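Residue numbers (full-length UniProt numbering), protein chains in the order written: chain A, 1 to 216; chain B, 1 to 216.
Beta carbons: idealized from backbone N, C-alpha and C, even for Gly.
Computed from a predicted model, the values in this text were never measured in an experiment.
This is the structure we're talking about:
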């Protein structure tokens, strides 16, 4: 697949690197591809097949788009990517609406009767938004077998069953063994609202290398 | 221990029944002990050592108080129990602030930068509030070994370490094997905000007999 990964941070690099390793044609999208930060240049040097482009150029040629930007950067980045470029495409949305305005722990800027995933879907109605992977650390998103041989759970939420299937297959190819389809995109409220617990567990355990398993 | 369980619903009965079985002296508190519903009478007949009393009478003689009322019933029930009766006591708070005003799934009436647990603590500053067991179904709260031989997690949140120890020991006596101390009472925001995900999993799995395990 041709995959556009929007965002050059930890999550973007993890997804881009792993997808390239699995043979996908990966372009990372960023605001200004001519002004890459030093740490990106370093990362890119070890991932020669991954190319960098502006948000719109990266998205235009993609089969699957991944939103790996920050919560408050998501709508601006997707707007820059362009509604036409995003039309009919599957958008794997990993962002969480974390608000660090009042320090740590952050609160959520959208929750309860709405979610960032739903906001993105409303802003881009022709895009097939699937919320997933926003409940675990970047390393485990793409290499889940490093923890308990993958014996833990991830979730997908979305209104388009075929789009969820595409994302589920990608997650399975990463090594996930328990991908739970929660239902329509409003179920993303549940996974986004998991973040406050995740952040406290992170503080308590002293490592981000943990995940939840739905025992049933 | 002398345990007062406030609330005659599913959660109250589960806690009261199990605590009595383990040899504790259990009184269930209710608004009007002379007006018990038929289904309570039936339950009580099979639990002859458990007594029923008004909120204040049940609380007055207790070492440990359990809030097993509904989210919107919690502050009224505890007010009826009486600030003096609750002073210095450990209060195990199991309630979730679910608001069914807009149908299913419910939203939360307090969240993000506050929690029901913290509201209760502010209303009763001399009481030692510990939030726990609000993340799983009543049957599993008290008989966790029936699922994966207890290989799943529960959480405690509270400002008083000794109070958390009392609750942790009670949970361990119920059969819990992984009781995670998240930290101070503000961490209850995380466990209360887990409810939206729990409710969607309940819908998806078609059973409440599931729980989360923190895999690390």
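Which chain A residues are close to residue i, counting only those with a beta carbon under 9 Å from its beta carbon?
{"i": "residue 183(B)", "result": "200, 203 and 204"}
{"i": "residue 138(B)", "result": "What residue 138(B) touches in chain A: nothing, since even the nearest Cβ is about 16 Å away."}
Mind checking whether residue i and residue j have CB atoms under 8 Å apart?
{"i": "residue 52(A)", "j": "residue 28(A)", "result": "yes"}
{"i": "residue 130(A)", "j": "residue 91(A)", "result": "yes"}
{"i": "residue 133(B)", "j": "residue 94(B)", "result": "yes"}
{"i": "residue 66(B)", "j": "residue 211(A)", "result": "no"}
{"i": "residue 196(A)", "j": "residue 190(B)", "result": "yes"}
{"i": "residue 208(B)", "j": "residue 137(B)", "result": "yes"}
{"i": "residue 116(A)", "j": "residue 102(A)", "result": "no"}
{"i": "residue 123(B)", "j": "residue 157(B)", "result": "no"}
{"i": "residue 135(A)", "j": "residue 155(A)", "result": "yes"}
{"i": "residue 3(B)", "j": "residue 86(B)", "result": "no"}
{"i": "residue 213(B)", "j": "residue 204(A)", "result": "no"}
{"i": "residue 184(B)", "j": "residue 153(B)", "result": "no"}
{"i": "residue 186(A)", "j": "residue 118(A)", "result": "yes"}
{"i": "residue 80(A)", "j": "residue 56(A)", "result": "yes"}
Ordered along the chain, which non-local residues of its own chain (more than five positions away) have a Cβ less than 8 Å from that of residue i?
{"i": "residue 173(A)", "result": "22"}
{"i": "residue 32(A)", "result": "54"}
{"i": "residue 36(B)", "result": "8, 30, 44 and 52"}
{"i": "residue 139(B)", "result": "14, 146, 208 and 209"}
Can you list, in chain order, the residues of its chain with a C-beta nearer than 6 Å to that of residue i? Leave out the 5 residues immediately preceding and following it.
{"i": "residue 98(B)", "result": "71 and 106"}
{"i": "residue 13(B)", "result": "43"}
{"i": "residue 5(A)", "result": "12, 15, 16, 28, 66 and 68"}
{"i": "residue 199(A)", "result": "105"}
{"i": "residue 144(B)", "result": "150, 175 and 176"}
{"i": "residue 109(A)", "result": "97 and 99"}
In chain A, which residues lie less than 7 Å from residue i when you measure between Cβ atoms?
{"i": "residue 152(B)", "result": "215"}
Could you tell me which chain B residues have their CB closer than 9 Å to the CB of residue i, listed as they occur along the chain?
{"i": "residue 94(A)", "result": "Those within 9 Å of residue 94(A) in chain B number zero; the least Cβ separation is about 17 Å."}
{"i": "residue 148(A)", "result": "215 and 216"}
{"i": "residue 194(A)", "result": "190, 193, 194, 196 and 197"}
Given that residue i touches chain B, what residues does it touch there, using C-beta distances under 7 Å?
{"i": "residue 210(A)", "result": "214, 215 and 216"}
According to DSSP, what are the bridge partners of residue i?
{"i": "residue 211(A)", "result": "215(B)"}
{"i": "residue 92(A)", "result": "66(A) and 130(A)"}
{"i": "residue 154(A)", "result": "179(A)"}
{"i": "residue 25(A)", "result": "2(A)"}
{"i": "residue 107(B)", "result": "99(B)"}
{"i": "residue 217(A)", "result": "The first residue shown for chain A is 1 and the last is 216, placing residue 217(A) beyond what the model contains."}
If the cut is a Cβ gap below 8 Å, which residues of chain A does residue i touch?
{"i": "residue 191(B)", "result": "197"}
Under 7 Å from any heavy atom of the ligand HEM, does the C-beta of residue i make it?
{"i": "residue 143(B)", "result": "By its list of ligands, the structure shown contains no ligand whatsoever, and the ligand HEM lies outside what it can speak to."}
Short of 7 Å Cβ to Cβ, which residues in the region 97-125 of chain A face chain B?
107, 108, 111, 112 and 113
Residues of the region 159-189 of chain B with a CB closer than 9 Å to any CB of chain A: list them in chain order, please. Taking 9 Å as the Cβ-Cβ cut-off against chain A, the residues of the region 159-189 of chain B that qualify are 180, 181, 182, 183, 186, 187 and 189.
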